[in-house]
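Novice:
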Amino acid sequence: MTTQMTLCLAILIFMIAGYVVGGKFNIPNGAVAMMAIVLTSLTGILPAKEILGNMLSTSSMQIIGMFIVAAGFSRTQAVKKVTQLVYKFSGGNFRVMLAGYAVLIFILVNIGLTPMTAFAVVGPLAATCCSDFDVSPSKMIFPLALVCIAGCGVLPVSVAATTYVTNNGYLESYGYTDYQMGLLDPMKGRLPIALIIMAYAIFIAPKLCPDQPSAEISFADAEKKAKGRKEEKAPLDPFREFLGYAIFVATTLCLIFQKQLGGYAGWQIAFAGAALVMFTGVLTPKEGINAIPMRIVLMLSAAAVVGGAMAECGLGQVIGDTLASMIGNTRNGYIIGALFFFIPFTLTQFMNNSSVGSIFTPIVILTCQSLHCNPVGPLLLLYAARQSAFWTPAATGTIALAVGLGGYDQKDLIKMSWIPSLIIGVIGVLWIMTIFPAYPA
8 MTTQMTLCLA ILIFMIAGYV VGGKFNIPNG AVAMMAIVLT SLTGILPAKE ILGNMLSTSS
68 MQIIGMFIVA AGFSRTQAVK KVTQLVYKFS GGNFRVMLAG YAVLIFILVN IGLTPMTAFA
128 VVGPLAATCC SDFDVSPSKM IFPLALVCIA GCGVLPVSVA ATTYVTNNGY LESYGYTDYQ
188 MGLLDPMKGR LPIALIIMAY AIFIAPKLCP DQPSAEISFA DAEKKAKGRK EEKAPLDPFR
248 EFLGYAIFVA TTLCLIFQKQ LGGYAGWQIA FAGAALVMFT GVLTPKEGIN AIPMRIVLML
308 SAAAVVGGAM AECGLGQVIG DTLASMIGNT RNGYIIGALF FFIPFTLTQF MNNSSVGSIF
368 TPIVILTCQS LHCNPVGPLL LLYAARQSAF WTPAATGTIA LAVGLGGYDQ KDLIKMSWIP
428 SLIIGVIGVL WIMTIFPAYP A
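Count along the sequence shown from 1, then add 7; that gives the number in my numbering.
#1: Can you tell me which of the three DSSP states LYS240 falls into?
#2: Taking the alpha-carbon positions, what's the ILE44 to ASN36 distance?
#3: Once the 5 residues before and after PRO447 are set aside, which same chain residues still bring their CB inside 8 Å of it?
#4: What residue range is occupied by the uninterrupted alpha helix (DSSP H) comprising CYS216?
#5: With distance defined between alpha-carbon atoms, name the residue in GLY280, ILE209, TYR271 and MET285 nearest to ALA109.
#6: To which residues of the same chain is VAL436 closer than 8 Å at the C-beta, ignoring the five residues directly before and after it?
#7: When the Cα of SER308 is compared with those of GLY79, ILE75, SER64 and LEU49, which residue comes out closest?
#8: Which residues in the same chain as PRO220 place their Cβ atom closer than 6 Å to its Cβ, once the five residues preceding and following it in sequence are excluded?
#9: I want to know whether the region 41 to 58 touches the region 261 to 270 - three or more CB-CB distances under 8 Å.
#10: Can you round the beta-carbon distance between PHE80 and ILE18 to whole angstroms, since I take them to be within the 8 Å contact cut?
#11: Just to confirm, are LEU190 and PRO150 a CB contact at a threshold of 7 Å?
#12: Verify whether the separation of the beta carbon atoms of ILE200 and ILE431 is less than 7 Å.
#13: Count the other CB atoms within 10 Å of the CB of PHE352; is the residue buried (16 or more) or exposed (fewer)?
#14: What does the Cβ neighbour count give for GLY269, buried or exposed, with the cut at 16 atoms within 10 Å?
#15: Return the chain-ordered ranges of every alpha helix (DSSP H) run that is complete within the region 295 to 323 and spans a minimum of 4 residues.
#16: What's the gap between the Cα of LYS234 and the Cα of ILE112?
#17: May I ask you to report which of helix, strand or coil DSSP gives ALA78?
#18: DSSP on LEU283, reduced to helix/strand/coil?
#19: Who are the near neighbours of THR368 in its chain, counting only those whose CB is closer than 6 Å to its CB and skipping five residues on each side?
#20: Give me the Cβ distance between MET68 and PHE278, rounded to the nearest whole Å; I'm assuming they're in contact under 8 Å.
#21: Quick one: is ARG102 buried, meaning 16 or more other Cβ sit within 10 Å of its Cβ, or exposed?
#22: Go through its chain and collect everything with a Cβ distance to LYS422's Cβ below 7 Å, but skip five positions before and after it.
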């Protein structure tokens, strides 16, 4: 390898290692991402102008805008109103109540709330309902966490509408533009699996949950957190409440029908929605700024910068060729898809799923580039693997909350997790690699 390849490889290893172990040293992923950008600049692998261009990508701009729009919607009373309806129409029936909360939490994680935030809102409310209906919360909490994690970002609305543009940004960064992901592709690939998981969570999962908590139940922190949000912020006035709904719906529809609107870029639509949210007072400027996911933006920027450097010095081609040779240059799309589901799936049980995505996205793209195959299916399977983090409390904050709410121990988690894992993995590989074949005819 050349000197520049060696330096670029060192930066890549630093970035991966930083994402994996940085938390143990109180070094956030955003700081690791910034350092990777600085190191790329200091080595001179990429000119400063190209680095700046990669950092300020259209993908990052659209993500920023959509997170602000989603925060504006979550500022309304929609969550509270829907929760009241679930309680009212359940009529004391456990299965109906579980189905109602499952649908509610599925909606929340598809309109902009992160799984942990949605679960912190709905989980304590569901646990309270269990108490009112004299049902053990251990029967309800894990099924809801399952829907919360596996169903996140399936529908092409709000923040999830940026999935395709984010992946296209990665493909562009790594110089593989033979294929592009469409707005509806993530939904086509993952919605059938999410619906199967929801049905499983409602009708089968409670049977594998313990009849009574195996460990002490403690959801005071989550409940306090949920109550704290309500106390800190007074409800919006009726006009701004309406605007919160209207701006969210209008922005989402404009993204869906983007091509029919005369070619406006996604980031323009998202930024227009974000500007309206703050201009109309649905969010204060401070609330809007706080809604920006700087960690995600910085990690995306670092991936684009380091990816550009890898393409520039030729390291990307070397890595892709190496991995391609490891899987035997197979043309079997199901083998390729399985590879990029089960390896990240294993790691995401012990690592932050965003870190797993940041590590494997370039590997998926570079390998597919070397194999000259369609990367859309493997990228969607990588996302599905990241949304299968429910085997251990370390997998995601949602499961950490669920352990306290439902009173589960590690043995319970293993017993409750293996069937949905097989569903997502096996059905996911078969379905996604069939509708997005590695080598389209």
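No residue lacks a Cβ here, since even glycine has one placed at the ideal position from N, Cα and C. No experiment lies behind these values; they were computed from the predicted model shown.
Specialist: Inspection of the coordinates gives the following:
#1: coil
#2: 13 Å
#3: ASN381
#4: No alpha helix (DSSP H) contains CYS216, which DSSP labels as neither H nor E.
#5: ILE209
#6: TYR341, GLY344, ALA345, PHE348 and LEU388
#7: SER64
#8: SER145 and GLY414
#9: no
#10: Not quite, the Cβ-Cβ distance comes to about 38 Å (not below 8 Å), so this is no contact.
#11: no
#12: yes
#13: buried
#14: exposed
#15: 301 to 320
#16: Caution is warranted here: a pLDDT of 43 is assigned to LYS234, below 50, making its placement in the model unreliable, and no coordinate value can be reported.
#17: helix
#18: helix
#19: TYR177
#20: 7 Å
#21: exposed
#22: LEU215
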